[in-house]
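Reviewing the structure listed below.
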Amino acid sequence: MAMAKSEVTAWCRELAEHINSDPILLSAFIKAYDSSRAAVINRKPAFTLAKRMKQAIKDKGCYQTDVARAARTTPTAVNFWLTGASLTMEAGTAIRVAKFLNVDIEWLILGVERGDL
Numbered sequence: 055m056a057m058a059k060s061e062v063t064a065w066c067r068e069l070a071e072h073i074n075s076d077p078i079l080l081s082a083f084i085k086a087y088d089s090s091r092a093a094v095i096n097r098k099p100a101f102t103l104a105k106r107m108k109q110a111i112k113d114k115g116c117y118q119t120d121v122a123r124a125a126r127t128t129p130t131a132v133n134f135w136l137t138g139a140s141l142t143m144e145a146g147t148a149i150r151v152a153k154f155l156n157v158d159i160e161w162l163i164l165g166v167e168r169g170d171l
């Protein structure tokens, strides 16, 4: 399910607040959003958020409860991401999850590598 334009805009604004300390990352997100807004909004990657999270958790060798603790959320929220019941997460949570799992936030949320933006 694609996010509505207003949801993407709100998510990008929240994300920008959280990543002010990394101007390269902020610039990449703004550039990607401005240049291919429709492509990002309508993207339906075969490798879903759920699959990316499962892979990252497996690679790290941790548990869902570890992710929940690091993300400052509930194990239920992590389970929703892993089952596909929830397709998005708040920007601050996404940053914490990506840092904990040691993955790029672009890969976690969008399924693309930093250089692909």
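If you use the numbering used here, the sequence shown corresponds to residues 55 to 171, in order. Even for Gly, the Cβ is constructed at its ideal location relative to N, Cα and C. Bear in mind that the values here come from a model prediction, so they are computed numbers and not experimental data.
- In the three-state scheme derived from DSSP, where H, G and I count as helix and E and B as strand, GLU61 is classed as helix.
- Residue ILE159 holds the alpha-carbon nearest to the alpha-carbon of ILE78 among ILE163, LEU164, ILE159 and GLY165.
- Here the alpha carbons of SER60 and MET143 stand approximately 15 Å from one another.
- When the alpha-carbon of LEU164 is set against those of ALA148, ILE111, GLY115 and TYR117, the nearest one is in ALA148.
- In this structure LEU155 is not in contact with ALA104, their Cβ atoms being roughly 14 Å apart against a cut-off of 8 Å.
- The C-beta of ALA125 has 16 or more other C-beta atoms within 10 Å across all chains shown, which makes the residue buried.
- THR63 and ALA145 have their C-alpha atoms roughly 12 Å apart.
- A residue is called buried when at least 16 other Cβ atoms come within 10 angstroms of its Cβ; ARG67 does not meet this threshold and is exposed.
- In this structure, the CA atom of ALA122 is about 11 Å from the CA atom of CYS116.
- Scanning the segment 100-131 from its first residue to its last, no whole beta strand (DSSP E) run of 3-plus residues comes out.
- ARG106 is a Cβ neighbour of TRP161, given a cutoff of 8 Å.
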